[in-house]
Every structure is written in C-alpha cells, then in structure tokens.
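Trainee: Below is one structure. I have some questions about it.
Spelled out as structure tokens, the structure:
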C-alpha cells in the first residue's frame with residue numbers, strides 16, 4: 001500500500017475504482033506475457049563489436065558463455081518483473097483499502113461522496129445535495145472535506161481491512177495491514 005495518500009488520489013479512486021483495478025489486473029497479465037525467450041537468447045549470443053565494425057580477435061562465443069549470459073538476463077528480467085508486480089499489487093491494495101474506508105463511513109458522509117463522485121458528476125451532485133439536504137454549497141463542501149479526512153484517518157490507522165468492516169479471522173490473526 002502507498003504510505004501517503006492525497007485528497008486528489010482519494011477522489012480519483014472514488015470516481016474510477018473499478019477501472020483502476022481493471023487496469024492493474026490487465027497490466028499484471030501483460031507483464032507475465034511479455035517474456036521474450038528468443039530475444040534473450042539472441043542478446044546473450046551476440047558478440048562484442050569493435051568501433052570499426054570488426055569483431056574482436058576471440059570472437060568465438062561458446063555455448064557456456066551464451067548460457068551464462070542468458071541466465072543472467074533471465075534473472076534480471078525476473079527481478080524487474082517482481083518489482084513491477086509488487087508496485088501494481090500495492091496500488092491495487094491501496095484502492096481496496098480506500099474503498100473499505102469509504103464503505104465504513106457514516107451513512108451521511110458516504111451519501112455526500114457518492115453524489116459528488118461515484119454516481120454523478122461533481123456539479124450535478126452538488127445541485128442534488130443542495131436541494132435534498134437544504135444546505136449551502138459551503139456547508140456541503142465542508143462536510144465533504146470531513147468525509148475525506150475520515151477516509152484518510154481510517155486509511156492511516158493500524159486496523160486491517162477486515163477490522164474496518166468489524167470482522168476478524170480465527171484466532172485474531174488478520175493478515176492484511
């Protein structure tokens with residue numbers, strides 16, 4: 001999970017959480033599809049060229065050198081993939097955590113954020129809220145800020161996602177967070 005989240009990031013997640021999760025999942029699939037065995041073998045078997053275009057005197061590349069180079073390139077690729085996967089999973093966990101915090105807001109706070117970001121555009125939601133709640137724009141914006149602050153507080157808490165929902169696993173061993 002990300003260490004710090006901003007108000008803009010929370011709003012973006014509320015507006016686009018389904019699409020953000022889908023993008024992470026598509027990217028994960030693409031990462032694992034992208035391994036190029038033939039390209040790595042070709043890269044490993046290439047000989048070094050001199051600046052004048054000629055090959056060095058010991059230009060023969062034996063199979064052992066090619067194999068060692070291939071294993072080194074393969075290991076670098078694996079480490080790179082793990083780093084990318086970890087980044088994507090952290091982003092996905094952050095999205096899930098923000099949505100867990102949103103779902104645990106009080107009904108009024110959740111309704112305001114739902115109208116402003118989830119179900120309607122900000123402008124339409126503001127008009128609906130001003131009519132339904134009979135409050136001024138400033139009052140609704142202040143309430144919105146409190147709701148987003150509450151999401152930040154829950155996000156930064158030491159509670160797991162399950163604890164936010166009021167659930168615990170057997171023996172109290174919650175694995176997340």
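Residue numbers (UniProt numbering): 1 to 177. All C-beta atoms, glycine included, are put in the ideal place defined by N, C-alpha and C.
1. When DSSP labels each residue in this structure, what does residue 62 get in the three-state scheme?
2. Give the single residue among 77, 42, 8 whose Cα lies nearest to the Cα of residue 34.
3. For residue 66 and residue 165, I'd like the C-alpha separation in whole angstroms.
4. If contacts are defined as beta-carbon pairs under 8 Å, then residue 101 and residue 151 qualify, I think. What distance do you get, rounded to the angstrom?
5. Counting along the chain, where does the alpha helix (DSSP H) carrying residue 24 start and finish?
6. What is the rounded straight-line gap between the Cα of residue 94 and the Cα of residue 13?
7. Compute the distance between the beta-carbons of residue 21 and residue 127, then report whether it is under 8 Å.
8. Buried or exposed for residue 83, please, with buried defined as at least 16 other CB atoms from any protein chain shown within 10 angstroms of its CB.
9. Who are the near neighbours of residue 15 in its chain, counting only those whose CB is closer than 6 Å to its CB and skipping five residues on each side?
10. Would you kindly work out how many angstroms separate the C-alpha atoms of residue 71 and residue 125, rounded to a whole number?
11. Between the Cα of residue 31 and those of 156, 87, 139, spot the shortest distance and give me the residue it belongs to.
Mentor: So, to answer that:
1. As a working note, residue 62 is residue 62 in the chain shown. DSSP places residue 62 in coil when its eight states are reduced to three.
2. Numbered from its first residue, the chain shown carries residue 34 at position 34. Comparing Cα-Cα distances from residue 34 to each of 77, 42, 8, the minimum goes to 77.
3. As a working note, residue 66 is residue 66 in the chain shown. As a working note, residue 165 is residue 165 in the chain shown. Each residue's alpha carbon lies about 54 Å from the other.
4. The residue labelled residue 101 in the question sits at position 101 within the chain shown. The residue labelled residue 151 in the question sits at position 151 within the chain shown. Between residue 151 and residue 101 the Cβ distance is about 4 Å, and since that is below 8 Å, they are a contact.
5. Here the question's residue 24 lines up with position 24 in the chain shown. First-last of the alpha helix (DSSP H) with residue 24: 7-33.
6. Along the chain shown, read from residue 1 onward, the residue named residue 94 stands at position 94. Along the chain shown, read from residue 1 onward, the residue named residue 13 stands at position 13. Taking the straight line from one Cα to the other gives about 9 Å.
7. Looking up residue 21 in the chain shown gives position 21. Looking up residue 127 in the chain shown gives position 127. Against a cut-off of 8 Å, the Cβ pair of residue 127 and residue 21 comes out as no contact.
8. Your numbering for residue 83 matches position 83 in the chain shown. It is exposed - the Cβ of residue 83 has fewer than 16 other Cβ atoms within 10 Å.
9. Your numbering for residue 15 matches position 15 in the chain shown. Only 117 meet the Cβ criterion.
10. Taking the first residue of the chain shown as 1, we reach residue 71 at position 71. Taking the first residue of the chain shown as 1, we reach residue 125 at position 125. Residue 71 and residue 125: Cα-Cα distance of roughly 57 Å.
11. To locate residue 31, count along the chain shown from 1; it is residue 31. Minimum Cα distance to residue 31 is reached at 87.
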